[in-house]
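Chains R and P supply the protein sequences, listed in that same order.
Quick note: the first sequence uses the numbering used here, first residue 199, plus one each step.
Quick note: the second sequence uses the numbering used here, first residue 13, plus one each step.
From the three backbone atoms N, C-alpha and C, an ideal C-beta is built for every residue, glycine too.
Everything below concerns the one structure shown next.
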Amino acid sequence: MTRRTTPLPKPLLALAAAGALAVLCLLSLAVGARAIPPGQVLATLTGGADAGAGVEAVVWGSRLPRTLVAVLTGAALGLAGAVMQGLTRNPLADPGLLGVSAGAAFGMVLATGVLGVSGLLSSIWFAFGGAVVAAVVVYALGSRGRGGGSPVSLALAGIAVTYLLDSLTGGITLTDPEALDRYRFWSSGSLSGHDGGVVLGVAPFLAAGALLALSVAPALNSVALGDDVATALGHRLGAVRVRAALAVTLLTGAAVAVTGPIVFVGLVVPHLVRMITGPDHRWLLPGSMLLAPCLLLVADILGRVVARPTEIDVSLVAAFLGAPFFIALVRRRRIAEL
Amino acid sequence: MPIIEFSPARIAFRMARPAISGVVRPRLVLVWFALAVVTFLVFCVSVGAGDFPIPLNEVVPALWGDGEPGTLFVMRELRLPRALAGLLTGAAFGLAGALFQAVSRNPLASPDMLGITQGAGAAVAAGVVAGFGAGLGTQALGLAGALAAGIAVYLLAWRRGASGYRIILVGIGVSWMCVSLTSYLLSRAQLHQAQVVLGWLVGNLGNRGWEHVRPTLAGVAVLLPVVLLLTRLQRTLHLGDEVAAGLGAPVQRTRMALLLCGIALTALATAAAGPILFVALAAPQIARRLARAGAPPLTASALTGATLVLVADLISQRVMTDLTLPVGVVTGVLGAPVLLWQLARTGRR
Numbered sequence: 199m200t201r202r203t204t205p206l207p208k209p210l211l212a213l214a215a216a217g218a219l220a221v222l223c224l225l226s227l228a229v230g231a232r233a234i235p236p237g238q239v240l241a242t243l244t245g246g247a248d249a250g251a252g253v254e255a256v257v258w259g260s261r262l263p264r265t266l267v268a269v270l271t272g273a274a275l276g277l278a279g280a281v282m283q284g285l286t287r288n289p290l291a292d293p294g295l296l297g298v299s300a301g302a303a304f305g306m307v308l309a310t311g312v313l314g315v316s317g318l319l320s321s322i323w324f325a326f327g328g329a330v331v332a333a334v335v336v337y338a339l340g341s342r343g344r345g346g347g348s349p350v351s352l353a354l355a356g357i358a359v360t361y362l363l364d365s366l367t368g369g370i371t372l373t374d375p376e377a378l379d380r381y382r383f384w385s386s387g388s389l390s391g392h393d394g395g396v397v398l399g400v401a402p403f404l405a406a407g408a409l410l411a412l413s414v415a416p417a418l419n420s421v422a423l424g425d426d427v428a429t430a431l432g433h434r435l436g437a438v439r440v441r442a443a444l445a446v447t448l449l450t451g452a453a454v455a456v457t458g459p460i461v462f463v464g465l466v467v468p469h470l471v472r473m474i475t476g477p478d479h480r481w482l483l484p485g486s487m488l489l490a491p492c493l494l495l496v497a498d499i500l501g502r503v504v505a506r507p508t509e510i511d512v513s514l515v516a517a518f519l520g521a522p523f524f525i526a527l528v529r530r531r532r533i534a535e536l
Numbered sequence: 013m014p015i016i017e018f019s020p021a022r023i024a025f026r027m028a029r030p031a032i033s034g035v036v037r038p039r040l041v042l043v044w045f046a047l048a049v050v051t052f053l054v055f056c057v058s059v060g061a062g063d064f065p066i067p068l069n070e071v072v073p074a075l076w077g078d079g080e081p082g083t084l085f086v087m088r089e090l091r092l093p094r095a096l097a098g099l100l101t102g103a104a105f106g107l108a109g110a111l112f113q114a115v116s117r118n119p120l121a122s123p124d125m126l127g128i129t130q131g132a133g134a135a136v137a138a139g140v141v142a143g144f145g146a147g148l149g150t151q152a153l154g155l156a157g158a159l160a161a162g163i164a165v166y167l168l169a170w171r172r173g174a175s176g177y178r179i180i181l182v183g184i185g186v187s188w189m190c191v192s193l194t195s196y197l198l199s200r201a202q203l204h205q206a207q208v209v210l211g212w213l214v215g216n217l218g219n220r221g222w223e224h225v226r227p228t229l230a231g232v233a234v235l236l237p238v239v240l241l242l243t244r245l246q247r248t249l250h251l252g253d254e255v256a257a258g259l260g261a262p263v264q265r266t267r268m269a270l271l272l273c274g275i276a277l278t279a280l281a282t283a284a285a286g287p288i289l290f291v292a293l294a295a296p297q298i299a300r301r302l303a304r305a306g307a308p309p310l311t312a313s314a315l316t317g318a319t320l321v322l323v324a325d326l327i328s329q330r331v332m333t334d335l336t337l338p339v340g341v342v343t344g345v346l347g348a349p350v351l352l353w354q355l356a357r358t359g360r361r
């Protein structure tokens, strides 16, 4: 990949991205079934003016947790996608496409639907377990045999595992109408209906995953040059892989446990960031972390505006925006030779 | 005088006038016969099994209209349509899987993961939520959705010719769009509508009458000879685009013919029984291993697919009677070991 120079220095770009994120957060607080002027939102947040009990309840009770969930899960998915693309040297890697999200989701369904585990902090461990198992199976399945490890093989393995888990989930939900009713809202990937406690509950896992991911950035730069070069440069490949996989598991598992699987965010964002910053993972990873929440917020706000007064779930909007990007990416490059 | 060469793996014959030559693989012929016998047996068992059991020695004569009126009625009106639907969809999925795996040269490629089946699902969900699509309407919707999605994948993958890997990846993108459309419609639907759609989405052979089977039978009857005529080209294409072109095969035209047949077969089968996953993935691989062939053998794949669906339907009907799982869930669960087996075996190739 050629490194593209940009006219603007990177710190300035980072600042611009952070500004965009702040504006989108404000928009996300203001837009919805009941529109609230941004000035009034700010006043409510700072507690200055008396905006009325209704506005306060909407902002603090439903929009703020929703926006926080969007920012946290967006950052997690973008970061997870960037790490997976770096680690597997696969431009099509994405937690949703490679089955990791499906594994985490199946863990959640198993925990809540079959084993009767209640509470996010108990069932989240099942999500982590499911993510690990799915990731290992997909990687092993996709990287063996003729053409092994090619993006196409990995993507096929991911889709096969996803559909397998989906049909198992179908078996569980079909035999239990109550589980079906709970599942169909959770699985469509919605940011709404969470309270502040959920955000606080998953924040430590996400923070740990993010730190772990950022710590492997220099090693991922060497991995991009090939396994032999990375070893020669003094990286212990096994340790790097374990740390990166652990980071992906923590980020994806925690994000999926809250919102259900959301595909394509982790795929699209690293590609956009790479166009701006070039392939250096020390910039790519934080950049993806900043840009992914922006994308998720845009998708969420679109979902709220397009079908007013009802809403379209964010994962559906993300898939509708992301799938054409994916198809364009596939058409543009000779992926198989990467 | 024909020249005939014998070896354990193949019998080749060559004649100067008329200029005919050919290769007969005894193992493949043996596999055909064995699979045909197994398929027929499973078919008879599935016709005979039920709340009104018919012993096997009465099933076979009854197939030719020889038996008591009561037995004949149960068989013709209740059992045969379901068993035939299983047989036909299984064969169509097996055949379509063999075509797709040869075209993409990837043992994991299967038409039920590349958007075709998902397009059918989105169309059916839209129909049910919009309030039409009971009975035969569902089948027509499924057929239309599957064909539309399949052709969209092919056209989107076209860029100075369509290559195998691009078809796979574009198919994955299209299938995600269709899946998210389906789940959007599901979240809009009433609970009873959602249950109808989900029941269809896992694949189901229950309540199949002759009116469901006849369109499938007609479609498969038309496509089967066409596909079997393409066998030689399918085997050539499995060698890779460059080699196939070097051997004189019209690569793009062959691929288009094979894919269109595969798309049509998948659409027919999905319309008849819903997306029965993993049959199209597993059947060609099992057949390939049985026949020890390079490319998935077509006839054997079709027979294996039919056997798989019939066995899965028997399991879902008879073994776990208190659960009445749809056949698609059974094939999904049976698919897991096949995937793992694939994982263990592909390392040695």
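Proximal chain P residues relative to residue i, where beta-carbon distance stays under 7 Å
i        : result
R:Val350 : Asn118, Tyr177, Ile180, Leu181
R:Leu354 : Asn118, Leu120, Ala121, Ile180
R:Val461 : Trp188
R:Tyr361 : Met125, Leu289
Of the residues the options, the one placed nearest residue i, counting alpha carbons only
i        : options                                : result
R:Tyr337 : R:Leu482, R:Ser316, R:Val359           : R:Val359
R:Ser260 : R:Val239, R:Leu275, R:Gly276           : R:Val239
P:Leu210 : R:Phe326, R:Ile499, R:Ile370           : R:Ile370
R:Val350 : P:Ser116, P:Gly131, P:Thr51            : P:Ser116
P:Leu90  : P:Ala108, P:Pro65, P:Asp78             : P:Pro65
R:Ala516 : R:Gly276, R:Arg232, R:Thr310, R:Leu225 : R:Gly276
P:Trp201 : P:Thr83, P:Leu289, P:Arg171, P:Ala142  : The sequence shown places Ala at residue 201 of chain P, rather than the Trp named in the question. For P:Ala201, the nearest C-alpha among the options comes from P:Ala142.
P:Ile288 : R:Leu362, R:Val315, R:Leu296, R:Val335 : R:Leu362
P:Gly106 : P:Pro227, P:Leu236, P:Ala295           : P:Ala295
R:Val334 : R:Val312, R:Pro293, R:Gly476           : R:Pro293
R:Gly279 : R:Pro484, R:Phe403, R:Lys208, R:Leu213 : R:Pro484
P:Leu47  : P:Ala121, P:Ala284, P:Ile298           : P:Ile298
Contact list for residue i against chain R, beta-carbon separation under 8 Å
i        : result
P:Tyr196 : Ser386, Ile510, Asp511, Leu514
P:Ile23  : None at all; the shortest Cβ gap to chain R is about 29 Å.
P:Gly185 : Ala521, Pro522, Phe524, Ile525, Val528
P:Val345 : Ser365, Leu366, Gly369
P:Val341 : Ser365, Leu366, Gly368, Gly369, Leu372
Terminal residues of the beta strand (DSSP E) in which residue i lies
i       : result
P:Val36 : 32 to 36
P:Met27 : 23 to 27
P:Glu17 : 15 to 18
Start-to-end residues for the alpha helix (DSSP H) that takes in residue i
i        : result
R:Phe462 : Where R:Phe462 is concerned, there is no enclosing alpha helix (DSSP H), given that its DSSP letter is neither H nor E.
P:Phe64  : Looking at the DSSP string, P:Phe64 is not in any alpha helix (DSSP H), and its letter there is neither H nor E.
P:Arg265 : 263 to 285
P:His204 : 203 to 213
P:Thr248 : 243 to 249
P:Gly317 : 310 to 326
P:Glu254 : 253 to 258
R:Trp481 : 479 to 504
R:Gly284 : 262 to 286
R:Ala516 : 512 to 530
Contacts that residue i makes with chain R (C-beta to C-beta distance below 7 Å)
i        : result
P:Met189 : Ala517, Phe518, Ala521
P:Leu168 : Ile525
Distance, residue j Cα to residue i Cα
i        : j        : result
R:Pro236 : R:Val257 : 11 Å
R:Ala534 : R:Phe524 : With a pLDDT of 42 at R:Ala534, under the threshold of 50, the predicted position of this residue should be treated as unreliable, though the coordinate-derived value follows. When rounded, the distance between both Cα atoms is 15 Å.
R:Leu222 : R:Ala228 : 10 Å
R:Ala303 : R:Ala325 : 6 Å
R:Leu366 : R:Gly301 : 11 Å
P:Val35  : P:Ala114 : 20 Å
R:Met199 : R:Ser341 : Low local confidence applies: a pLDDT of 45 at R:Met199 is under 50, so the model's placement there is unreliable, and no value is given.
P:Glu80  : P:Trp44  : 33 Å
P:Pro262 : P:Arg26  : 25 Å
P:Gly60  : P:Val341 : 23 Å
P:Val9   : P:Leu126 : There is no way to answer for residue 9 of chain P, as the model of chain P reaches only from 13 to 361.
P:Glu17  : R:Val421 : 54 Å
P:Arg360 : P:Val49  : Reliability of the predicted coordinates at P:Arg360 is poor, the pLDDT of 47 falling under 50, and the value obtained from them is presented with this limitation in mind. Roughly 31 Å between the two C-alpha positions.
P:Arg300 : R:Ala417 : 42 Å
R:Arg529 : P:Tyr166 : 12 Å
P:Ala28  : P:Ala134 : 56 Å
P:Ala312 : R:Thr447 : 41 Å
R:Ala332 : P:Pro38  : 41 Å
P:Trp353 : R:Ala437 : 29 Å
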